[in-house]
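Asks: Residue numbers (my numbering): 440 to 1239. Built from N, CA and C at the ideal position, the CB exists for glycine as well. The model shown is predicted, which means the values in this text are computed figures rather than measured ones. First the structure, which I've put down as structure tokens, then a few questions once you've had a look.
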């Protein structure tokens, strides 16, 4: 694979892919690449001038690439990988080998997500469903000085558009396969007095791509927790139906600018289809594997019992993609909303004061997701007790046979949660000839209750959850109810001394206090119990730093050397206490442009010293969350775009990250030599070509784009298995191969239509219909979810 990338680098079309390249999607014009302005250092700066590894994607590029959710950002920046954990509302985001995506309300994300400068405390419900995005910035490396919360991996900074003050309507509608319907419209109203107003609406729906063989059936979880009631399994898996509204108001009162923004999203999504690659080879495998075998005919002649016809259940077991599965997965309903008020006051020519006040909340209704893919198993409680006792006659006895809705779950997980957060930041920006300074104070508060129902080896009786005390004590089943109240306070300052006309020296400090209160009302043993019910309080204090030396020998070149640190607070995940994790990163970077601004390239080399890694895993049906020890990560990122002739832009990127555990203690044993970070590929890459033909006499023009992205092989589970006779190939199924994804778009742009400008295009994603596993988990079965195959459609855009 290294040779393949080397060849593309020499071709000049695939070492590329910064946000600078991604920003190009305009009508044919004079040659040259557009400058991109970003706020990666909390103020507006030219992307090519700042000593930060950042990729920026503009609104035009988001439209061209059909970026409709966070998952679509994968590959747009080097060493950026995103998958959705089967449950589509909770993404796992990996930057430079460090993954973030634990849904528990007691764990902070390792990738900070910001919308208009507001930190999003929980990744659940924050998946990009906003109607009018102006720009997305992907910052790589620890964010320990300027941004609201600390992060060891990086940050995704989303900026929505402000009102224009002039009347205008723009939007698009599209239709595609899987009955996909998407409509987006933004209305800017004329300015009245000091106020400008913008309203946006988004509707996005697509039918699930996999039939659920038990769709429409129900499970009554009320015997375990009355608030969950009866949940219905979705008839199709992988679908979504989202409505989002956004309002923005700008008030200009002399030197003071006030920006109020409101967003509201109502999301109804169904998790991806889950199948499995066979029972795990740990302690539960010898018990679970016979249950799977008893679903079909079983030859028991060795026991003098003949052939047992089986219970007729569905195992969902296959090493290739299944076109239909039996999953006990319901619709997931999440409502998210947020308010923010940003006040900006230039106090004088040198000093600007900014205040960002925000309140956000979300609510996730009770839902069930078949994480282990065992919702199709039929096995009664009496059969299970017989199997535990080694009584084969009891398993096959006619009186013990299951009915059509006596489901058996290797793992049953149901969840409901909510969160409310308030944040306040006051920022000061000082600009002088010899020195620039950004400083501020930050406060964040959140209150998040959650209820999790966990069942390991759980039979149901006619679709009703069977509360069996003996199984609860044996397998750790039960209900976990918690409430996390987290406060974070920080003061920060980062200054740059312009030592000479070409040399800048930057230093930054941030002191953070994280105060965390957790109440555990009840806890199931399968959650991994370190402490029992009660009230707990911990506090962490951390000083992080940034140091940068930047050299600009001319106005086309920026070189920098950087050292920075980041940390993520510790706390209590259900009953498991854990420590903070820390990371110190060293980076060398070079940004250059030339050929009359027709070529631009960025290069970054990094090395990260990672300590006390917070890692979630499952073993024998029990959740684990611990501080793994130490790891070193080294890598390289290259991004380039070229405008060789008028209208043609070639761009792409290559990222390499080598993640090595140096210490990983599990059960007193150091497994660092054999462990791997789940879902992390060493190589990522992207190659793109965008062509806009010369304009016709009416101002319209032809446009075409093709994108190819690559992700090398990766593992679903961190720890290798010891193969067993019933699943000797489990490690081969854990190791997933690399793959290419190809997307394309072609259309006629900006043609006159009834006094407006319109665009009509055809698009396709995953054009080669690649089957690949986007998520997997070690949950008694080694489970996996395949991502959606080829999608295509037509889109009409309008602007007047």
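Beta-carbon separation of residue 1122 and residue 1099 under 9 Å?
Replies: Counted from its first residue, the chain shown places residue 1122 at position 683. Counted from its first residue, the chain shown places residue 1099 at position 660. Not a contact, by the Cβ cut-off of 9 Å.
Asks: Under three-state DSSP, which class holds residue 1049?
Replies: Working through the chain shown from its first residue, we reach residue 1049 at position 610. Looking at residue 1049 - three-state DSSP - the assignment turns out to be strand.
Asks: Give me the Cβ distance between residue 1221 and residue 1156, rounded to the nearest whole Å; I'm assuming they're in contact under 8 Å.
Replies: Position 782 of the chain shown, counting from 1, holds the residue named residue 1221. Position 717 of the chain shown, counting from 1, holds the residue named residue 1156. Indeed they touch by this definition, with Cβ atoms about 7 Å apart.
Asks: Would you tell me roughly how many angstroms separate the C-alpha atoms of residue 594 and residue 578, rounded to the nearest one?
Replies: For the purposes of this step, residue 594 is identified with residue 155 of the chain shown, where counting begins at 1. For the purposes of this step, residue 578 is identified with residue 139 of the chain shown, where counting begins at 1. Looking at the two C-alpha atoms, the distance is approximately 5 Å.
Asks: Apply the 10 Å Cβ neighbour rule to residue 880 and answer buried if 16 or more other Cβ atoms are within range, or exposed otherwise.
Replies: The residue you call residue 880 lines up with position 441 of the chain shown. Exposed, since its Cβ has fewer than 16 Cβ neighbours within 10 Å.
Asks: Give, in chain order, every unbroken run of the beta strand (DSSP E) that is at least 3 residues long and sits entirely within the stretch 802 to 880.
Replies: Qualifying beta strand (DSSP E) stretches, in chain order: 847 to 870.
Asks: Between residue 1078 and residue 560, how many whole angstroms is the CB-CB distance? I'm expecting something under 8 Å.
Replies: As a first step, residue 1078 is located in the chain shown; it is residue number 639 there, counting from the start. As a first step, residue 560 is located in the chain shown; it is residue number 121 there, counting from the start. So it is not a contact: roughly 30 Å between Cβ atoms.
Asks: Over the uninterrupted beta strand (DSSP E) stretch that includes residue 730, give me the two end residues.
Replies: Your numbering for residue 730 matches position 291 in the chain shown. Premise fails: residue 730 lies in the alpha helix (DSSP H), 724 to 732, not in any beta strand (DSSP E).
Asks: Taking a contact to mean a Cβ-Cβ separation below 9 Å, would you say residue 836 touches residue 821 in this structure?
Replies: Taking the first residue of the chain shown as 1, we reach residue 836 at position 397. Taking the first residue of the chain shown as 1, we reach residue 821 at position 382. Contact: yes.
Asks: Quick one, are the C-beta atoms of residue 720 and residue 767 less than 9 Å apart?
Replies: If you number the chain shown from 1, residue 720 lands on position 281. If you number the chain shown from 1, residue 767 lands on position 328. It is not a contact, given that the beta carbons lie outside the stated cut-off.
Asks: With 9 Å as the threshold, decide whether the Cβ of residue 948 is near any Cβ in chain D.
Replies: The chain labelled as chain D is not found in the depicted structure, where only one protein chain is given.
Asks: Secondary structure at residue 914, three-state DSSP: helix, strand or coil?
Replies: Numbered from its first residue, the chain shown carries residue 914 at position 475. Note: residue 914 maps to helix in three-state DSSP.
Asks: What does a CB cutoff of less than 6 Å around residue 1011 pick up in its chain, not counting 5 residues either side in sequence?
Replies: Along the chain shown, one-based indexing puts residue 1011 at 572. The answer, listed in chain order, is 545, 957, 975.
Asks: Grab me the residues of residue 847's own chain with a C-beta within less than 6 Å of its C-beta, minus the 5 sequence neighbours each way, in chain order.
Replies: Counted from its first residue, the chain shown places residue 847 at position 408. Hits under 6 Å: 816, 818, 898.
Asks: Once you ignore the five residues that flank residue 656 on each side, which residues in its own chain have a CB closer than 7 Å to its CB?
Replies: On the chain shown, residue 656 is found 217 positions in, with the first residue counted as 1. Here the set comprises 672, 844, 902.
Asks: Report the residue from 739, 784, 513 whose alpha carbon sits nearest the alpha carbon of residue 865.
Replies: The residue you call residue 865 lines up with position 426 of the chain shown. Selected option, being the one with the closest Cα: 784.
Asks: In this structure, how does DSSP classify residue 674 when only helix, strand and coil are distinguished?
Replies: Taking the chain shown and counting its residues from 1, one reaches residue 674 at position 235. Note: residue 674 maps to coil in three-state DSSP.
Asks: Please go through the same chain and pick out, in chain order, the residues whose beta-carbon is closer than 6 Å to the beta-carbon of residue 386, but skip the five residues on each side of it.
Replies: The question about residue 386 has no answer, for the chain in this structure spans 440 to 1239.
Asks: Excluding the 5 residues flanking residue 727 on each side, which residues of the same chain have their C-beta closer than 8 Å to its C-beta?
Replies: Within the chain shown, the letter at position 288 stands for residue 727. Correct list, in chain order: 718, 719, 849, 896, 1219, 1220.
Asks: Might you give, ordered along the chain, the residues of its own chain that have their beta carbon closer than 7 Å to the beta carbon of residue 1238, omitting 5 neighbours on each side?
Replies: Residue numbering aside, residue 1238 sits at position 799 when the chain shown is read from its first letter. For residue 1238, where only same-chain residues beyond five positions count, the Cβ hits under 7 Å are 609, 1195, 1196.
Asks: Less than 9 Å separating the beta-carbons of residue 1042 and residue 1029?
Replies: Mapped onto the chain shown, residue 1042 falls at position 603. Mapped onto the chain shown, residue 1029 falls at position 590. Contact flag set, yes.
Asks: How long is the line joining the alpha carbons of residue 1174 and residue 910, rounded to whole angstroms?
Replies: Taking the first residue of the chain shown as 1, we reach residue 1174 at position 735. Taking the first residue of the chain shown as 1, we reach residue 910 at position 471. Roughly 33 Å between the two C-alpha positions.
Asks: The alpha helix (DSSP H) that contains residue 1187, what's its start and end?
Replies: Within the chain shown, residue 1187 is the residue found at index 748, counting from 1. No alpha helix (DSSP H) contains residue 1187, which is instead part of the beta strand (DSSP E) from 1178 to 1192.
Asks: Is residue 1158 helix, strand or coil by DSSP?
Replies: One-based indexing of the chain shown puts residue 1158 at position 719. Here residue 1158 sits in coil by DSSP.
Asks: Along the chain, where does the beta strand (DSSP E) containing residue 680 start, and where does it finish?
Replies: As a first step, residue 680 is located in the chain shown; it is residue number 241 there, counting from the start. Residues 679 to 692.
Asks: So, are the CB atoms of residue 986 and residue 930 less than 9 Å apart?
Replies: Taking the first residue of the chain shown as position 1, residue 986 is located at position 547. Taking the first residue of the chain shown as position 1, residue 930 is located at position 491. No, the pair does not count as a contact, with Cβ atoms beyond the cut-off.
Asks: Where does residue 995 fall in DSSP's three states?
Replies: As a first step, residue 995 must be located in the chain shown, where it is residue number 556. Correct three-state label for residue 995: coil.
Asks: Evaluate the contact criterion for the stretch 547 to 560 versus the stretch 856 to 863: three or more CB pairs, one atom per stretch, below 8 Å.
Replies: A contact exists between the stretch 547 to 560 and the stretch 856 to 863.
Asks: Could you tell me which whole beta strand (DSSP E) segments of length 3 or greater appear in the stretch 568 to 600?
Replies: Listed in chain order, the complete beta strand (DSSP E) runs (minimum 3 residues) inside the stretch 568 to 600 are 572 to 579, 593 to 599.
Asks: In angstroms with no decimal places, state the Cα-to-Cα distance between residue 510 and residue 748.
Replies: The residue given as residue 510 occupies position 71 in the chain shown. The residue given as residue 748 occupies position 309 in the chain shown. Cα-Cα distance, rounded: 44 Å.
Asks: Find the nearest neighbour of residue 618 within the set 628, 677, 625, 1004, judged by alpha-carbon distance.
Replies: What you label residue 618 is simply residue 179 of the chain shown in a count that begins at 1. Among 628, 677, 625, 1004, the Cα nearest to that of residue 618 is on 677.
Asks: Looking only at its own chain, which residues have a Cβ that is under 8 Å from the Cβ of residue 1179, when we skip the five neighbours before and after it?
Replies: Translated into positions along the chain shown, residue 1179 becomes position 740. Correct list, in chain order: 1147, 1148, 1149, 1207, 1209.
Asks: Counting pairs of beta carbons, one from the stretch 482 to 496 and one from the stretch 1079 to 1091, are three or more of them closer than 8 Å?
Replies: With the cut-off at 8 Å, the stretch 482 to 496 and the stretch 1079 to 1091 do not touch.
Asks: Counting pairs of beta carbons, one from the stretch 647 to 662 and one from the stretch 762 to 776, are three or more of them closer than 8 Å?
Replies: At 8 Å Cβ cutoff, the stretches touch.
Asks: Can you give the Cα-Cα distance for residue 950 and residue 1145, rounded to whole angstroms?
Replies: Translated into positions along the chain shown, residue 950 becomes position 511. Translated into positions along the chain shown, residue 1145 becomes position 706. Distance between the alpha carbons of residue 950 and residue 1145: 45 Å.
Asks: Mapping DSSP to helix, strand and coil, what is residue 793?
Replies: On the chain shown, residue 793 is found 354 positions in, with the first residue counted as 1. Residue 793 falls in the strand class under three-state DSSP.
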